[in-house]
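At position 133 of the sequence shown (counting the first as 1) the number is 132 in numbering that gives the first Met the number 0, and the numbers step up by one without a gap. For every residue, glycine included, the Cβ atom is placed at its ideal position computed from N, Cα and C.
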Amino acid sequence: MLRDAGFEIEVEPADLDDSALVLGDVEAREVAPALAHFKARRVAARRAARGAPPAWILAADTVCERDGVVLGKPRDDQDARTMIKSLTGRGHGVVTGWCLMGPDGVCRVGRDMAWIVLGEIPDDEFERFIELGAWKGKAGGYNLPEVIARGWPVRCEGDPETVVGLPLRRLEPMLREVLRDQPSDAAHPRVSRASERSA
Numbered sequence: 000m001l002r003d004a005g006f007e008i009e010v011e012p013a014d015l016d017d018s019a020l021v022l023g024d025v026e027a028r029e030v031a032p033a034l035a036h037f038k039a040r041r042v043a044a045r046r047a048a049r050g051a052p053p054a055w056i057l058a059a060d061t062v063c064e065r066d067g068v069v070l071g072k073p074r075d076d077q078d079a080r081t082m083i084k085s086l087t088g089r090g091h092g093v094v095t096g097w098c099l100m101g102p103d104g105v106c107r108v109g110r111d112m113a114w115i116v117l118g119e120i121p122d123d124e125f126e127r128f129i130e131l132g133a134w135k136g137k138a139g140g141y142n143l144p145e146v147i148a149r150g151w152p153v154r155c156e157g158d159p160e161t162v163v164g165l166p167l168r169r170l171e172p173m174l175r176e177v178l179r180d181q182p183s184d185a186a187h188p189r190v191s192r193a194s195e196r197s198a
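Now the structure itself:
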C-alpha cells in the first residue's frame, strides 16, 4: 500500500508476538495505538543498537473488538474456529492504531475504526478455511480482502484499508507533510509491520 502510494520504504518487523500478550481491562480503541507505539519504540531501539541512521518509523497494529472484548490473533485451529464463529451473524469493530516516530523520537499516534458485519459461512467453506491455516497471524482470524475473494457474506462500514491494517487515506497526508521538508539525503521512512495485516 505504501509503495503503491509512491513512498520508498524499508520493512523492518518488530518481532513482537502480540498474540502472547495478556491484556487487562483495556478498550480496543486504546490497545491498537499502544501496540503500534510499542512496536515503533522497539524498532527504533534495535536500529540504534546496531548503529543504523535515524529514520522515520511507521508502525501499526490491528485488533478486533466484540462486545467490548479485544480479539487478537488466534492461537491455534480451535481458537480460530471459536473466534470466527463468535463473529458470524453479527457485527464487530476493527481498530487499527498507528505510531509515526520521527528521527528525533517524537511520536504521532492515532487510530481509525471500522465496523464489520459477517454473515453465516457455509460449514464446508469454513472448515476448509481453518484447515488451510488462512486464519494465522490475523486479528479476528481473517483478512478482509481474502474472505471477500472467498465469497464470504461480509459488509464493511468504514474504510476497508483500516480493516486491512493501514488507514492510508488518513496517514498519507501526514506522511507527505513530515517528509516534505526533509533534506534530500534524509533516510526514507521505515515501516514496522509485525501485525497480522500487511501494508
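- Distance from D60 to L34 at the Cβ level is roughly 4 Å; contact confirmed, criterion being Cβ atoms closer than 8 Å.
- The region 78 to 98 makes contact with the region 106 to 123, as at least three CB pairs between them are under 8 Å.
- In this structure, R110 lies near A31, with their beta-carbon atoms less than 8 Å apart.
- Fewer than three beta-carbon pairs drawn from the region 35 to 49 and the region 68 to 76 are found closer than 8 Å, and the two stretches are therefore not classed as touching.
- Considering only C63, E7 and A58, the residue with the shortest C-alpha distance to V25 is C63.
- Annotated three-state conformation of E156 is strand, per DSSP.
- Shown here for I83: same chain residues with a beta carbon closer than 6 Å to its own, the five before and five after excluded, namely G140 in chain order.
- In its chain, beyond the 5 residues on either side, no residue has a beta carbon closer than 7 Å to the beta carbon of F125.
- The Cβ neighbour count for A48, taken over all protein chains shown within 10 Å, is under 16; the residue is labelled exposed.
- When only Cα atoms are considered, R168 and I115 end up about 19 Å apart.
- Just so you know, the alpha carbons of R28 and G96 end up roughly 8 Å apart.
- Taking C-beta atoms as the reference points, W55 and L178 count as a pair closer than 8 Å.
- In the displayed model, V105 falls within coil according to three-state DSSP, outside both helix and strand.
- Restricted to the region 2 to 63, the alpha helix (DSSP H) segments that are unbroken, complete and at least 4 residues in length are 27 to 48, listed in chain order.
- Secondary structure of A113 (DSSP, three-state): strand.
- Under the three-state reduction of DSSP output, M82 falls in the helix class.
- L170 has its alpha-carbon roughly 12 Å from the corresponding atom of F6.
- The Cβ atoms of M112 and T81 lie no closer than 8 Å to each other.
- Distance from the CA atom of K137 to the CA atom of V146, rounded to whole angstroms, is 12 Å.
- The Cβ neighbour count for G164, taken over all protein chains shown within 10 Å, is at least 16; the residue is labelled buried.
- Of the residues assessed, L131 falls on the exposed side of the cut-off, its CB having fewer than 16 other CB atoms within 10 angstroms.
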